[in-house]
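Colleague:
Residue numbers (the numbering used here), protein chains in the order written: chain A, 174 to 485; chain B, 737 to 1014.
(1) Please name the residue or residues paired with residue 228(A) in a DSSP beta bridge.
(2) Could you tell me the alpha carbon to alpha carbon distance between residue 981(B) and residue 208(A), rounded to whole angstroms?
(3) Along the segment 989 to 1010 of chain B, where does the CB come closer than 9 angstroms to a CB of chain A? Name the residues.
(4) Please list, in chain order, all residues of the same chain as residue 182(A) whose beta carbon is under 8 angstroms from its beta carbon, the five residues on each side excluded.
(5) Near residue 987(B), which residues of its chain fall below 7 angstroms by C-beta distance, leaving aside the five closest residues on each side in sequence?
(6) Taking only beta-carbon atoms, is residue 174(A) less than 8 angstroms away from chain B?
(7) Which residue marks the beginning of the alpha helix (DSSP H) containing residue 844(B), and which one marks its end?
(8) Quick check: is the beta carbon of residue 257(A) nearer than 8 angstroms to any beta carbon in chain B?
(9) For residue 748(B), which beta-bridge partners are listed by DSSP?
(10) So, do the segment 351 to 363 of chain A and the segment 246 to 264 of chain A have three or more beta carbon pairs nearer to each other than 8 angstroms?
(11) Any C-beta of chain B sitting closer than 8 angstroms to the C-beta of residue 209(A)?
(12) Take residue 739(B) and list the residues in its own chain whose beta-carbon comes closer than 8 angstroms to its own, dropping the five residues that flank it on each side.
(13) What are the start and end residues of the alpha helix (DSSP H) that includes residue 250(A)?
(14) How would you write the range of the alpha helix (DSSP H) that residue 410(A) sits in, first residue to last?
(15) Pull up the distance between the alpha-carbon of residue 883(B) and that of residue 763(B), whole angstroms please.
(16) Give the straight-line distance between the Cα atoms of residue 924(B) and residue 422(A), rounded to the nearest whole angstrom.
(17) Could you name the residues of chain B that residue 179(A) contacts, counting a contact when the two beta carbons are closer than 9 angstroms?
(18) Residue 284(A) touches chain D at which residues, Cβ-Cβ below 7 angstroms?
(19) Given this structure, state the Cα-to-Cα distance separating residue 755(B) from residue 1004(B), to the nearest angstrom.
(20) Could one say the Cβ of residue 740(B) lies closer than 8 angstroms to chain A's Cβ atoms, at least one of them?
(21) Closer than 8 angstroms, CB to CB, is residue 737(B) near chain A or not?
(22) With distance defined between alpha-carbon atoms, name the residue in 931(B), 794(B), 856(B) and 910(B) nearest to residue 897(B).
(23) Distance cutoff 8 angstroms, beta carbons only. Does residue 368(A) sit that close to anything in chain B?
(24) How big is the Cα-Cα spacing for residue 998(B) and residue 928(B)?
(25) Could you check which residue in 747(B), 890(B) and 775(B) has the C-alpha nearest to that of residue 188(A)?
(26) Does the CB of residue 852(B) have a neighbour CB from chain A at under 8 angstroms?
(27) Apply the 10 Å Cβ neighbour rule to residue 307(A) and answer buried if 16 or more other Cβ atoms are within range, or exposed otherwise.
(28) Return helix, strand or coil for residue 453(A), following the three-state DSSP convention.
(29) Compute the distance between the beta-carbons of residue 368(A) and residue 289(A), then report whether it is under 8 angstroms.
(30) Any C-beta of chain A sitting closer than 8 angstroms to the C-beta of residue 766(B)?
(31) Pull up the distance between the alpha-carbon of residue 465(A) and that of residue 989(B), whole angstroms please.
(32) In chain A, which residues lie with their C-beta within 7 angstroms of the C-beta of residue 829(B)?
(33) Can you find a CB in chain B that lies within less than 8 angstroms of the CB of residue 229(A)?
(34) Per the contact definition of three or more C-beta pairs closer than 8 angstroms, is the segment 849 to 867 of chain B in contact with the segment 452 to 467 of chain A?
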């Protein structure tokens, strides 16, 4: 009897805390999503306090579905998270395979490589959007300017000059426009999370069965076919885990978007909720419920795919 | 035979070089941030002084005047430390029970805990503000930030501890039971010393996550309990005006955690993949 009660007792605080953390705010969101609730209204002051008498049914949901930004925010979320996942996995694989050898200074290479992972998101965004990507003052502006003057200089050469005269003057890209700022976010998050993927893939590569590879070499298998047929399947589980953990973090991406694109129209689902929440709490809550449903679909899919293998 | 040695000699130089290049490319933005922090605001945006400039510590000495850095840094240290501590206090017993006395539901409970991490924070932002501001009156307090950071990280803490505890042979714990050691004694005298490495790397990683958290800490505080995330997010300067001082305060905000990260990067993989990748 005591054998069963005590373990339960030890888990109880954690379970209860997480239950409260999950259920209380979420049920409030659910409630607010069914009523008319705004922060300030001169015409309808009664809507500024949450009350059952302001019941709106599924009205907020209809309003959100019809809002032009809703579909855009979902598409943008998919674009941003999807691109980050694809880029980090591909880059991570490539770099892990390249770096996974013994050479002098390997430890330092690892430390340098992993550093971006520990940079706080706000600093990451500030650093990239200002000091690196700014079209005038950032390194991008300087690099484009340098390239232009280099090409300009080459235009005076006798024969080559003709060729370089065909080149256009390069224009720096502003990463503060709606769509380009989504690319900036993808870039900075990819920079931050690729090292994480590299580290995991490298660890996994080290446990690869070398004798299998040697046998394949003896059978005359090419390097490429060894990579595709032996290494990639071996990396299947780490890839799945990298995707799962990144999804957990990137679905709620916020600081980067906030800093890079405040007010320029670029948004993901969390950011859209934040915008609604400036006044229309009902709509913000309905969007929140949509986001929760979406996250649940993804969570169920990912946990089915990866979660079970974590247990063994 | 000759081609093979040539080949391997070439790859002996080529691959390390490629590896070093990639590492330097990835590290470059951080280097650039630190580098810029030693320029004055004027020099930082002047291409003439891109590499040759008179280094200055001005940005660091003025950090307190310009940004009130120490207040935010102190808040970051306090909230991250206590959140980590509380997460461990709640997490260690839970993970202990799950690892050594699993029930039919243990798997489901662990999965459910992980799934709470996937709930979009934005969905419950307003209720959280409403609850803490209008109902509980704990908005913008250290207590609230510590509580939220602890809850946000609890699932990962329990998962990490669970995977470390699972590695410990059950027999050792059972032997303690035979000798009539109490559960508290088992945890204190057998489990914690044995799993000390795992517990410290869990603590370090949790501390890093707390330090870098940027959603709740920014939105549930206004000034009193604000952490470094708020400082940076609130002060992203109008483009280019203050690159020097912005770099300095950013460097000061990330330096402690990046250095801490260097020390626990080896444990990062085992920790964050929940022991599934070794």
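In this text, a Cβ means the ideal position worked out from N, Cα and C, and glycines have one as well.
If you're wondering where the values come from, they're calculated on a predicted model, not measured in any experiment.
Modeller: Let's see:
(1) Taking the first residue of the first chain as 1, we reach residue 228(A) at position 55. Answer is 208(A).
(2) For the purposes of this step, residue 981(B) is taken as residue 245 along the second chain, with counting starting at 1. For the purposes of this step, residue 208(A) is taken as residue 35 along the first chain, with counting starting at 1. Between residue 981(B) and residue 208(A), the C-alpha separation is close to 47 angstroms.
(3) 989, 990, 993, 994, 995, 996, 997, 998, 1001, 1002, 1004, 1005, 1006, 1008, 1009 and 1010
(4) Taking the first residue of the first chain as position 1, residue 182(A) is located at position 9. No residues qualify anywhere along the chain.
(5) On the second chain, residue 987(B) is found 251 positions in, with the first residue counted as 1. Contacts found: 769, 770 and 773.
(6) Position 1 of the first chain, counting from 1, holds the residue named residue 174(A). Low local confidence applies: a pLDDT of 40 at residue 174(A) is under 50, so the model's placement there is unreliable, with the coordinate-based value given in what follows. Not one chain B Cβ lies under 8 angstroms of residue 174(A).
(7) Start at 1 with the first residue of the second chain, and residue 844(B) comes out as number 108. Residue 844(B) -> alpha helix (DSSP H) spans 842 to 852.
(8) Counting from 1 along the first chain, the entry for residue 257(A) is found at position 84. Judged by the 8 angstroms Cβ criterion, residue 257(A) is not in contact with chain B.
(9) By one-based count along the second chain, residue 748(B) stands at place 12. Looking at the DSSP assignment, residue 748(B) forms no beta bridge with any residue, so it has no partner.
(10) Short answer: they touch.
(11) Walking along the first chain from the start, residue 209(A) turns up at place 36. With 8 angstroms as the cut-off, residue 209(A) does not count as an interface residue toward chain B.
(12) Walking along the second chain from the start, residue 739(B) turns up at place 3. Below a pLDDT of 50, predicted positions are generally treated as unreliable, and residue 739(B), at 46, falls in that range; the measurement from the model is reported next regardless. Excluding sequence neighbours, residue 739(B) sits near nothing in its chain.
(13) In the first chain, counting from the first residue as 1, residue 250(A) sits at position 77. First-last of the alpha helix (DSSP H) with residue 250(A): 241 to 272.
(14) Working through the first chain from its first residue, we reach residue 410(A) at position 237. First-last of the alpha helix (DSSP H) with residue 410(A): 409 to 423.
(15) As a first step, residue 883(B) is located in the second chain; it is residue number 147 there, counting from the start. As a first step, residue 763(B) is located in the second chain; it is residue number 27 there, counting from the start. Rounded to the nearest angstrom, the two C-alpha atoms are 34 angstroms apart.
(16) In the second chain, residue 924(B) corresponds to position 188, counting from 1. In the first chain, residue 422(A) corresponds to position 249, counting from 1. Taking the straight line joining both Cα atoms gives about 33 angstroms.
(17) Along the first chain, read from residue 1 onward, the residue named residue 179(A) stands at position 6. Within 9 angstroms Cβ-Cβ: 833, 837 and 919.
(18) You won't find chain D in this structure, because its protein chains are A and B.
(19) What you label residue 755(B) is simply residue 19 of the second chain in a count that begins at 1. What you label residue 1004(B) is simply residue 268 of the second chain in a count that begins at 1. Each residue's alpha carbon lies about 20 angstroms from the other.
(20) Numbered from 1 along the second chain, position 4 holds the residue referred to as residue 740(B). Any reading at residue 740(B) must be qualified, since the residue scores a pLDDT of 48, below 50, and its modelled position is unreliable; the value itself is stated next. No, because no Cβ of chain A sits closer than 8 angstroms to the Cβ of residue 740(B).
(21) Numbered from its first residue, the second chain carries residue 737(B) at position 1. Residue placement at residue 737(B) cannot be trusted, given a pLDDT of 40 that sits under 50; the coordinates are not used to answer.
(22) Locating residue 897(B) in the second chain gives position 161, counting from the first residue. The candidate whose alpha carbon is nearest that of residue 897(B) is 931(B).
(23) The sequence position of residue 368(A) within the first chain is 195, counting from 1. So, interface residue.
(24) Here residue 998(B) refers to the residue found at position 262 when the second chain is read from its first residue. Here residue 928(B) refers to the residue found at position 192 when the second chain is read from its first residue. Between residue 998(B) and residue 928(B), the C-alpha separation is close to 24 angstroms.
(25) Position 15 of the first chain holds residue 188(A). The residue with the shortest Cα to Cα distance from residue 188(A) is 890(B).
(26) Locating residue 852(B) in the second chain gives position 116, counting from the first residue. For residue 852(B), the answer is yes, since a Cβ of chain A falls inside 8 angstroms of its Cβ.
(27) Working through the first chain from its first residue, we reach residue 307(A) at position 134. Residue 307(A) should be labelled buried.
(28) Residue numbering aside, residue 453(A) sits at position 280 when the first chain is read from its first letter. Residue state, collapsed to three classes: strand.
(29) On the first chain, position 195 is the one that residue 368(A) refers to. On the first chain, position 116 is the one that residue 289(A) refers to. The answer is yes: Cβ separation under 8 angstroms.
(30) On the second chain, position 30 is the one that residue 766(B) refers to. Taking Cβ atoms only, chain A reaches closer than 8 angstroms to residue 766(B), which makes this a yes.
(31) Here residue 465(A) refers to the residue found at position 292 of the first chain. Here residue 989(B) refers to the residue found at position 253 of the second chain. A direct Cα-Cα distance of roughly 32 angstroms separates residue 465(A) from residue 989(B).
(32) For the purposes of this step, residue 829(B) is identified with residue 93 of the second chain, where counting begins at 1. Ordered by position in chain A, the residues that pass the 7 angstroms Cβ test against residue 829(B) are 183.
(33) Position 56 of the first chain, counting from 1, holds the residue named residue 229(A). Output row for residue 229(A): interface = no.
(34) yes
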